[in-house]
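Let me begin by presenting the structure, written as structure tokens, before commenting on it.
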Amino acid sequence: MSADADADALDRDGFFGPASVTWRIHGDPAFSVGGVRALLLQALHPVAMAGVHRFSDGFRDEPWARLTRTAEYVATLTFGTRRDALRAVRRVRGAHRGKSDTEPTTGRSYAVDDPDLLLWVHACEVDSLLSVARRAGVPLTDADADRYVREQVVAAELVGCTPGEVPDTVAALADYFRQVRPQLALTEPARAAARFVVVPPMPGWVQLLTPARPAWTGLASLGLATLPRWARSLYGLPALALTEPATTAAVRAFRATALAVPPRIRENPALRAARLRQEHAQAS
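Going from the sequence shown to this note's numbering is simple: count from 1 and add 16.
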């Protein structure tokens with residue numbers, strides 16, 4: 017294979033490729049539950065949440081647009097070509113640049129792109145997507161789980177996390193959360209974010225004429241129920257110790273129902289496009 021062909025293949029496969037655990041987890045229906053869990057977990061960091069509250073007008077004024085942009089970013093980084101992924105990273109880093117303030121409850125002066133805040137967002141996403149995938153029945157060994165955390169170091173460093181400080185195993189990720197937990201709290205911006213996630217604003221006609229409200233309520237409930245106990249405690253929710261098996265059963269049922277939907281409907285367009293690129297490359 018020529019150098020040009022090698023470069024084309026590297027660009028086509030993106031930063032992860034079809035053989036990665038990242039594709040397996042991010043392409044599974046359980047991803048949506050994990051995404052909601054990640055949002056709820058991220059909100060518990062007072063400084064990180066302050067940045068979202070202060071600078072993301074779209075979170076308050078155009079919440080669906082903001083969630084859509086976030087989902088598209090993750091999909092592009094996961095399934096897009098390297099060129100597409102790097103363009104998306106540049107847009108995100110540009111949106112973060114130059115935004116700073118002081119968080120009132122801690123008194124900390126921060127910039128939105130402080131590496132430790134970016135690391136918090138990253139860790140919540142990786143922990144949530146992995147834990148929900150395993151709970152939902154995605155076939156993942158312990159080695160697969162470690163490999164996923166290690167693969168995601170690339171995503172963290174691309175967005176601005178400090179190289180060498182990103183957890184690269186499941187154990188290291190758990191250690192990270194133990195270290196950060198004393199900093200976490202349910203601030204008013206966190207309450208507002210959680211209210212939005214659990215009961216998002218919807219036009220009246222959407223609520224009356226579509227199943228969007230009950231569908232989202234079910235998804236949000238699963239996101240809440242799959243949070244770690246310490247996070248549910250910060251939200252003032254019951255420990256739910258007796259309902260852990262029921263939660264697992266519900267997440268598995270959600271995944272099974274979603275998998276019954278034809279792939280052309282349930283799969284992310286970026287994933288379908290990536291598969292087409294692979295098919296065309298194999299045929300040529």
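Where is the CB? At the ideal position from N, CA and C, for every residue including glycine.
- Can you find a CB in chain D that lies within less than 8 Å of the CB of R271? Included in the structure is just one protein chain, with no chain D present.
- From the DSSP output, read off the bridge partner residues of T118. Answer is S125, bridged to T118.
- For P179, the three-state DSSP class (helix, strand or coil): Three-state DSSP puts P179 in coil, outside helix and strand.
- Query: Going along the chain, which residues of its own chain have a beta-carbon closer than 7 Å to the beta-carbon of S36, five neighbours each way excluded?
  - Reply: Around S36: E167.
- Message: Give me, in chain order, the residues of the same chain whose beta-carbon lies closer than 7 Å to that of L133; leave out the 5 immediate sequence neighbours on both sides.
- Response: By the criterion of a C-beta distance shorter than 7 Å, L133 is surrounded in its chain by V63, A64, G67, Y126, once the five residues flanking it on both sides are discounted.
- Query: Is it the case that the Cβ atoms of T242 and R151 are separated by a distance below 8 Å?
  - Reply: It is a contact, given that the beta carbons lie within the stated cut-off.
- Task: Rank T94, W232, A87, A159 by C-alpha distance to the C-alpha of F270 and give the top, closest one.
- Result: The candidate whose alpha carbon is nearest that of F270 is W232.
- Query: Could you check where the alpha helix (DSSP H) with L250 kicks off and where it finishes?
  - Reply: For L250, the enclosing alpha helix (DSSP H) stretches over residues 245-250.
- Return yes when the Cβ of L250 is within less than 8 Å of the Cβ of L200, no when it is not. A contact, by the Cβ cut-off of 8 Å.
- DSSP on V154, reduced to helix/strand/coil? Secondary structure of V154 (DSSP, three-state): coil.
- Query: Which of the three DSSP states, helix, strand or coil, is assigned to G74?
  - Reply: Residue confidence is low: G74 scores 48 on pLDDT, short of 50, so the model does not pin down where it sits. No coordinate-derived value is stated.
- Where the alpha helix (DSSP H) through L287 begins and ends: In the DSSP assignment, L287 falls within the alpha helix (DSSP H) that extends over 285-299.
- Alpha carbon to alpha carbon, what distance is there between A104 and F31? Spanning the two alpha carbons is a distance of roughly 13 Å.
- Residue span of the alpha helix (DSSP H) that contains T38, given as start and end: T38 -> alpha helix (DSSP H) spans 37-42.
- Tell me which same chain residues have a C-beta within less than 7 Å of the C-beta of T122, skipping the five on either side of it? Result list for T122: P62, V63, in chain order.
- If we call anything under 8 Å between Cβ atoms a contact, is L238 one with A266? Yes, they are a contact pair.
- Who are the Cβ neighbours of Y192 in its own chain at under 7 Å, not counting the five residues just before and after it? Only A139, P183 meet the Cβ criterion.
- Task: Please name the residue, chosen from L240, R197, T185, Q195, that lies closest to V215 on a Cα-to-Cα basis.
- Result: Closest by alpha carbon: L240.
- Message: Can you give me the C-alpha to C-alpha distance between R280 and R124, rounded to a whole angstrom?
- Response: The alpha-carbon atoms of R280 and R124 are separated by roughly 47 Å.
- Near T38, what residues of its chain come up, given a Cβ to Cβ distance below 8 Å and the 5 sequence neighbours on each side ignored? F32, T94, Y164, E167, Q168, listed in sequence order.
- Query: At a cut of 8 Å, does the segment 172-187 reach the segment 39-49 through at least three beta carbon pairs?
  - Reply: Short answer: they don't touch.
- What is the rounded straight-line gap between the Cα of N284 and the Cα of L145? Roughly 16 Å separates the two Cα atoms.
- Task: Under the assumption that L60 contacts A190 (Cβ atoms under 8 Å), give the Cβ distance between them as a whole number of angstroms.
- Result: Wrong, their Cβ atoms sit about 16 Å apart, outside the cutoff.
- Query: What is the DSSP secondary structure of F212, counted as helix, strand or coil?
  - Reply: Three-state result, F212: helix.
- C-alpha gap between V277 and P45, whole angstroms: Using only the alpha carbons, I get a separation of about 10 Å.
- Would DSSP call V277 helix, strand or coil? Coil, per DSSP.
- Query: From which residue to which residue does the alpha helix (DSSP H) around G33 run?
  - Reply: Counting along the chain, G33 sits inside no alpha helix (DSSP H), nor does DSSP assign it H or E at all.
- Message: Could you compute how far the alpha carbon of L174 sits from the alpha carbon of H296?
- Response: Using only the alpha carbons, I get a separation of about 28 Å.
- Please classify H138: does DSSP put it in a helix, a strand, or coil? H138: helix per DSSP, three-state reduction.
- Among L292, G176, L235, which residue has its Cα nearest to the Cα of R53? Cα-wise, what sits closest to R53 is L235.
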